[in-house]
Every structure is written in C-alpha cells, then in structure tokens.
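In this note's numbering, the protein residues as written are 7 to 102.
Note that beta-carbon positions come from the ideal geometry of N, C-alpha and C, so glycine has one too.
Keep in mind that this is a model prediction, so the values were computed, not measured.
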C-alpha cells in the first residue's frame with residue numbers, strides 16, 4: 007500500500023520519525039542534488055534507505071531503523087551525503 011509521497015504507509019506507521027527525514031530531504035534539496043531521475047522527497051528517501059553504501063560496510067541506511075534514535079543517525083548520514091555532494095560540486099571546477 008502506497009502512502010502519498012512514496013513511502014509505504016506501514017513504513018511510516020512503524021517508523022513515524024521518518025516524516026522528519028522526509029522534511030530534511032526536502033529542506034536540503036537532496037532529491038534534486040543527486041544524479042538520477044527526479045523524485046519526490048519521500049520517494050528519494052525510500053530509495054536511499056534501501057541502497058547499500060560502502061561507507062556503511064555495504065549496509066543500507068534502513069539497517070539503523072531498529073535503533074531508538076534512528077532518526078538522528080539517519081539525519082547524520084543525510085548531512086554527510088549533502089556535505090559530500092557540495093564538496094564534489096565545489097571541486098568540479100578546479101583543474102589539477
């Protein structure tokens with residue numbers, strides 16, 4: 007069952023603090039900054055949660071959902087991602 011904005015309704019019911027992350031994705035415009043198809047903030051978050059990352063030892067960000075403070079952990083990962091994207095953009099114009 008799909009909720010509006012791309013996250014499954016049962017996901018939001020089980021992890022209500024994910025709405026805070028959707029708001030962070032939207033505020034930080036992460037769904038616009040990353041390569042790939044343009045997605046809504048919640049659809050982007052759903053895709054990001056299920057993507058394995060080398061920085062997480064091949065785990066998906068959803069790995070942290072069972073933790074009580076999962077929202078803080080995931081917001082930290084989103085900030086790290088945004089910082090990395092900004093750094094990559096700022097370095098793109100530099101000739102080495």
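- Within the model, the alpha-carbon separation for residue 33 versus residue 82 is close to 14 Å.
- Separation of residue 65 and residue 58 (C-alpha to C-alpha, rounded to the nearest whole angstrom) is 5 Å.
- With respect to the C-alpha of residue 86, the residue from 36, 13 and 19 having the closest C-alpha is 36.
- Ranked by Cα distance from residue 91, the first of 71, 77, 39 and 53 is 39.
- According to the DSSP assignment, residue 34 belongs to the alpha helix (DSSP H) that extends over 24-34.
- With a cutoff of 9 Å on beta-carbon distance, residue 80 and residue 27 are scored as near each other.
- No beta strand (DSSP E) of 3 residues or more sits fully in the stretch 36-78.
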